[in-house]
Amino acid sequence: MLLNELLKAIQPVQIAGDSNIEIAGINIDSRLVEAGQLFMAMRGTQADGHAYIPAAISKGATAILCEDMPEKPVEGITYIQVKDSEDAVGKIATTFYGDPTSKLELVGVTGTNGKTTIATLLYNTFRYFGYKVGLISTVCNYIDDEPIPTEHTTPDPITLNRLLGRMADEGCKYAFMEVSSHSIAQKRISGLKFAGGIFTNLTRDHLDYHKTVENYLKAKKKFFDDLPKNAFSLTNLDDKNGLVMTQNTRSKVYTYSLRSLSDFKGRVLESHFEGMLLDFNNHELAVQFIGKFNASNLLAVFGAAVLLGKKEEDVLVALSTLHPVAGRFDAVRSKDGVTAIVDYAHTPDALTNVLNAIHGVLEGKGKVITVVGAGGNRDKGKRPIMAKEAAKASDRVIITSDNPRFEEPQDIINDMLAGLDAEDMRKTLSIADRKEAIRTACMLAEKGDVILIAGKGHENYQEIKGVKHHFDDKEEVKRMLND
Ligand SMILES: CC(=O)N[C@H]1[C@@H](OP(=O)(O)OP(=O)(O)OC[C@H]2O[C@@H](n3ccc(=O)[nH]c3=O)[C@H](O)[C@@H]2O)O[C@H](CO)[C@@H](O)[C@@H]1O[C@H](C)C(=O)N[C@@H](C)C(=O)N[C@H](CCC(=O)O)C(=O)O
Ligand SMILES: Nc1ncnc2c1ncn2[C@@H]1O[C@H](COP(=O)(O)OP(=O)(O)OP(=O)(O)O)[C@@H](O)[C@H]1O
Ligand SMILES: N[C@H](CCC[C@H](N)C(=O)O)C(=O)O
Ligand SMILES: [Mg+2]
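Put into structure tokens, the structure is as follows:
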């Protein structure tokens, strides 16, 4: 593509050199640059991309986008100065990959919990209707039925637009994506045209990055502030920030709720370990999901599908065919009557919700044994609260290791234990080895009990000092329960 064509997407402060050149590719990482590419320098949390401009040129970059012009420009290289690299990168990336979001309907889901569930269920619903669909999510990305592994919830702007470009080229009519707070703050989604946005809820997470709940809220809200007039916003009235999210949006606002009058109104009629009986806008439906929070997730899926033009009755039939998402309330049953639930709850709120859902079904007829840890190099403040929430709603708690990353597992465990009082401690064990922790829970469990293994859900690794070792909660508990 001609550089001139790409530059139509942005308003550069100045251009030095020839802009009538062919660009073979675009990159934000000097290590990946190939000959004839445009390298875009971004300021990050660890490094400043400007420092890598010489490296990018030596690898063959012929054009450079930057906020600060270099003191000694290299002969024959075109420099484009912009005010805001983060904003420019998204816009250039989406132009380079053929403006995919003008060819398909893109819906973004944001909020602390429920993004993967809602985005995945929307993807499954629209595939059930017979469309080709794309999915961008924490667990895996999909271009219709082709899985593409991912490391992120919302990928970097180049990867994101390349994926969306492939979706549009391969005939996807819809794409559903998770929009993480990091991606909004870092403008990974700049330049994308959303047909709709969904808000789930806001509770504490990621304060290592955003520092305050206020900043975290602002990041989420910006997604709705930036939605265009012809898009819809679908917000959760049951969350205290539901209407805050949409107060400055130009998009058309719709609401969903399990409690109050709203455009999409739901109720849980019955709940058991096999599923729930729900009422959505005065239609009854049986689903294979457990927990009020999942009723809320399904209601968001219902609302979004209707807002995308589907008939309520058809959507309800589709919802009744859906299965839980991998690692989200994923149940394993032993022949001796013990139920283990593998769940991705890695925030205090998610943990409380999952435990409430378990108690809602157990009705006091069995004990709850919770195995939980917290990730290293992430929000430290949530650790003691997670331990406390686990202790409040469990008969036994085993505090263990999650992904320690570059921290010492025992330090993370100690941060968690600091949230417990003497009474909590009497029912708590700490076992740093996650396999041993799960084994102990299985040994403690008796007929009718439920073991909750929280925090890692679908993850099939444990990340220790930069290395991912194979580890899969579901695999472990399945083997131990059936030994
Ligand atoms: C803290 C954070 O979000 N970091 C993300 C951010 O990187 P950064 O800004 O810190 O990058 P940096 O290392 O400072 O480098 C700055 C620039 O120099 C460039 N560089 C760097 C080195 C070099 O040799 N050459 C070079 O060109 C880098 O490519 C980059 O463009 O931008 C990168 C590109 O988009 C991301 O890959 C990276 O994600 C890191 C790996 C990460 O762990 N992110 C997590 C926290 C994250 O984003 N999580 C969210 C939410 C999770 C959830 O709750 O679901 C997600 O959406 O996944
Ligand atoms: N609507 C909800 N409200 C509260 N908790 C929820 C909700 N939906 C799911 N959860 C809990 O949060 C966990 C994560 O769910 P999910 O993966 O859908 O969230 P997410 O927003 O994608 O998370 P991430 O930030 O890691 O991408 C689930 O395993 C469940 O415990
Ligand atoms: N995407 C989230 C998931 C956390 C999952 C938990 N297992 C952990 O490693 O902390 C994050 O990166 O904060
Ligand atoms: Mg997710």
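Going by the working numbering, the sequence shown opens with residue 55, and the numbers climb by one from there. For every residue, glycine included, the Cβ atom is placed at its ideal position computed from N, Cα and C.
Residue interval of the beta strand (DSSP E) (run including residue i)
{"i": "R493", "result": "From DSSP, R493 is part of no beta strand (DSSP E) but of the alpha helix (DSSP H) over 488–498."}
{"i": "N290", "result": "286–290"}
{"i": "R220", "result": "Counting along the chain, R220 falls outside any beta strand (DSSP E), though it belongs to the alpha helix (DSSP H) covering 211–223."}
{"i": "T406", "result": "Per DSSP, T406 belongs to no beta strand (DSSP E); it is in the alpha helix (DSSP H), 402–416."}
{"i": "Y515", "result": "515–518"}
{"i": "P108", "result": "Where P108 is concerned, there is no enclosing beta strand (DSSP E), although the alpha helix (DSSP H) it sits in stretches over 107–112."}
{"i": "A70", "result": "68–70"}
{"i": "A508", "result": "504–508"}
Alpha helix (DSSP H) segment containing residue i, residue limits
{"i": "G357", "result": "346–361"}
{"i": "G144", "result": "139–150"}
{"i": "N468", "result": "463–471"}
{"i": "H264", "result": "261–264"}
{"i": "R181", "result": "169–182"}
{"i": "S235", "result": "235–239"}
{"i": "K532", "result": "527–536"}
Ligand 2 heavy atom lying under 8 Å from the CB of residue i
{"i": "K436", "result": "no"}
{"i": "G381", "result": "yes"}
{"i": "T309", "result": "no"}
{"i": "T166", "result": "yes"}
{"i": "L189", "result": "no"}
{"i": "K169", "result": "yes"}
{"i": "A239", "result": "no"}
{"i": "D141", "result": "no"}
{"i": "T254", "result": "yes"}
{"i": "A404", "result": "yes"}
{"i": "N407", "result": "yes"}
{"i": "F327", "result": "no"}
Beta-bridge partners of residue i, as assigned by DSSP
{"i": "H337", "result": "F334"}
{"i": "K306", "result": "F286"}
{"i": "T482", "result": "V451"}
{"i": "G79", "result": "Q91"}
{"i": "V161", "result": "F230, G250"}
{"i": "A385", "result": "I395"}
{"i": "Y185", "result": "In the DSSP output, where bridge partners are listed per residue, Y185 has none listed."}
{"i": "G329", "result": "H326"}
Residue i CB to nearest heavy atom of ligand 1 below 8 Å
{"i": "Q566", "result": "Limits of the chain in this structure are 55 at one end and 537 at the other, which puts residue 566 out of reach."}
{"i": "G103", "result": "yes"}
{"i": "I82", "result": "yes"}
{"i": "G144", "result": "no"}
{"i": "Y106", "result": "yes"}
{"i": "R85", "result": "yes"}
{"i": "Y270", "result": "no"}
{"i": "Q100", "result": "yes"}
Spatial distance of residue i from residue j (CA atoms)
{"i": "A394", "j": "I466", "result": "24 Å"}
{"i": "Y310", "j": "N255", "result": "12 Å"}
{"i": "P458", "j": "E76", "result": "45 Å"}
{"i": "S314", "j": "D292", "result": "8 Å"}
{"i": "F334", "j": "D390", "result": "36 Å"}
{"i": "H525", "j": "T375", "result": "Correcting the residue type first, residue 525 is Phe in the shown sequence and not His. So the alpha carbons of these two residues sit roughly 30 Å apart."}
{"i": "K306", "j": "M231", "result": "19 Å"}
{"i": "A101", "j": "A63", "result": "26 Å"}
{"i": "P209", "j": "R480", "result": "43 Å"}
{"i": "G108", "j": "R488", "result": "Note that residue 108 corresponds to Pro in the displayed sequence, not to Gly. Roughly 45 Å separates the two Cα atoms."}
{"i": "M221", "j": "D475", "result": "52 Å"}
{"i": "M440", "j": "M55", "result": "50 Å"}
{"i": "S325", "j": "N167", "result": "21 Å"}
{"i": "V360", "j": "S448", "result": "39 Å"}
{"i": "K283", "j": "L246", "result": "14 Å"}
{"i": "K272", "j": "L218", "result": "26 Å"}
{"i": "G435", "j": "T266", "result": "11 Å"}
{"i": "K528", "j": "V415", "result": "21 Å"}
Ligand 4 heavy atom lying under 8 Å from the CB of residue i
{"i": "E232", "result": "yes"}
{"i": "T192", "result": "yes"}
{"i": "T207", "result": "yes"}
Any non-hydrogen atom of ligand 3 within 8 Å of residue i CB
{"i": "K510", "result": "yes"}
{"i": "A428", "result": "yes"}
{"i": "Y398", "result": "yes"}
{"i": "E513", "result": "yes"}
{"i": "H260", "result": "yes"}
{"i": "E517", "result": "yes"}
{"i": "R432", "result": "yes"}
{"i": "D384", "result": "no"}
{"i": "N195", "result": "no"}
Chain E contact for residue i (CB, 9 Å cutoff)
{"i": "V379", "result": "In the displayed structure, chain E is absent; only one protein chain is listed."}
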